[in-house]
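What follows is one structure encoded as structure tokens, with my remarks underneath.
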Amino acid sequence: LLGLYTPKQFGRRFLNSVKNLNLNRKPVILWKVGYGEATQKAIMSHTGGLAGNIKIFEAVAKQTGCSLVSSSKELAALASGFKLLNLPKTRDLGVIGIGGGSCIELVDILEKFNLRIPQLTQKTTTKLERFLPDVNTNLTNPIDLGAMGIMPNNTS
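Residues 1 to 156, numbered by the UniProt record's numbering, are exactly what the sequence shown covers, in order.
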């Protein structure tokens, strides 16, 4: 696990190093600061350089597979999560929730950290259809259990 704080942009050597770490399943978390004018000025006075554009940082995160965060709290939370997990061999996830809004919110967060939400296979969808009703549910990834997820008499 590697957590990096950087207000500035970085070169090709850095990018290649991050790619290699991710290929070896070593999570890299990049903490980007310097979004506003006041922080840009503070960075210039402390480091003598301009803060990099967020779009560039987002592209770097996507290209290298590192996770981009915008606060020390996010960095600490994600680092703690990585330390507790046995990391999977893939960045693909299945999401299950009890409402479209919460499912979409979670997918939005997961994609921010370069995780993928792939389509379910037909085999998986067929299995789900056996025990989930076809009313008020969505059997695509993310799976929305609708009201079924909170009904007290649900025995599934």
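Cβ coordinates follow ideal geometry from the N, Cα and C atoms, glycine included.
Cβ-Cβ distance between residue i and residue j below 8 Å
| i | j | result |
| --- | --- | --- |
| Leu30 | Leu68 | yes |
| Leu110 | Ile117 | yes |
| Thr125 | Leu139 | yes |
| Asp134 | Gly97 | no |
| Leu78 | Leu93 | no |
| Ile54 | Lys32 | yes |
| Gly3 | Leu75 | yes |
| Gln119 | Asn136 | no |
Residue i (DSSP reduced to helix, strand or coil)
| i | result |
| --- | --- |
| Ser67 | strand |
| Arg91 | coil |
| Leu30 | strand |
| Asn138 | strand |
| Gly146 | helix |
| Gly99 | coil |
Among the options, the one whose alpha carbon lies nearest that of residue i
| i | options | result |
| --- | --- | --- |
| Asn14 | Lys127, Ala38, Ala61 and Gly100 | First, the amino acid is wrong: residue 14 is Phe here, not Asn. Here the closest residue by C-alpha is Ala61. |
| Gly101 | Gly3, Lys55 and Gly146 | Gly146 |
| Cys66 | Glu37, Lys26 and Gly99 | Lys26 |
| Ser70 | Phe57, Ala38 and Leu128 | Phe57 |
Close beta carbons around residue i, own chain, < 8 Å, minus the five adjacent residues each side
| i | result |
| --- | --- |
| Thr64 | Leu15, Val18, Lys19, Asn22 and Val28 |
| Val95 | Cys103, Leu106, Val107, Leu110, Ile117, Asn141, Pro142 and Ile143 |
| Leu128 | Leu120, Leu139 and Ile143 |
| Arg91 | Gly65, Asn114, Leu115 and Arg116 |
Same chain, Cβ closer than 6 Å to residue i, five either side skipped, listed in chain order
| i | result |
| --- | --- |
| Phe113 | Ser67 |
| residue 165 | Residue 165 is absent from the model: the chain starts at 1 and stops at 156. |
Considering only residues of the segment 113-137, which uninterrupted alpha helix (DSSP H) runs meet the minimum length of 4 residues and lie entirely inside it, listed in chain order? Correct list: 122-131.
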